[in-house]
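Asker: One structure coming up, written as structure tokens, with questions to follow.
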Amino acid sequence: MTEQLLLRRTVIGGETAEGDYVVIWDEIRIGRIHQQTGLPPGRPSVAWGVSFPGRPQPPAHRGLAKDHEEAKQRVKLAWSAIRPTLTDDEIREARESQERDERRPRKRPRHWQD
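The numbering of the sequence shown is my numbering, which starts it at -12 and goes up by one.
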């Protein structure tokens, strides 16, 4: 088991966006960092959030940052509060749930069909 956090490009509907990442811990998706659009200039515009599958996400584990570096630091801080509280059973259940989800066939709604 690793304690390292990794960022992977977010893929939604086969597409990626600049500055949009999924946060991965030990091959489990635990968060996301992405650029928000439409906010006034000068306001924090990088959204970040951390949660562990099967657990509620407290408000302190999500927010806006001025840039991706600040968002990464906030993710690390939030994760440092979550990680020590996880049980082996919770980690196993999260891994199994994610594996089931990845095996599930993806079907686009009929109104999305080309």
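Backbone N, C-alpha and C fix where the C-beta goes; we use that ideal spot for every residue, glycine too.
Treat the numbers as computed from the prediction; the structure is a model and nothing was measured.
Once DSSP output is grouped into helix, strand and coil, what is the label at L(-8)?
Answerer: Strand at L(-8).
Asker: At the 8 angstroms Cβ level, is E2 part of the contact set with chain D, yes or no?
Answerer: Looking for chain D here will not work: only one protein chain is present.
Asker: Please report the residue range of the alpha helix (DSSP H) in which A81 lies.
Answerer: That run of the alpha helix (DSSP H) goes D75 to R90.
Asker: Along the chain, which unbroken stretches of the alpha helix (DSSP H) at least 4 residues long are found entirely within the segment 12 to 87?
Answerer: Taking only runs of at least 4 residues, the alpha helix (DSSP H) segments lying wholly in the segment 12 to 87 are 55 to 69.
Asker: Considering only residues of the same chain and omitting the five flanking positions on each side of Q(-9), which have a CB-CB separation below 6 angstroms?
Answerer: The answer is none, since no qualifying residue turns up.
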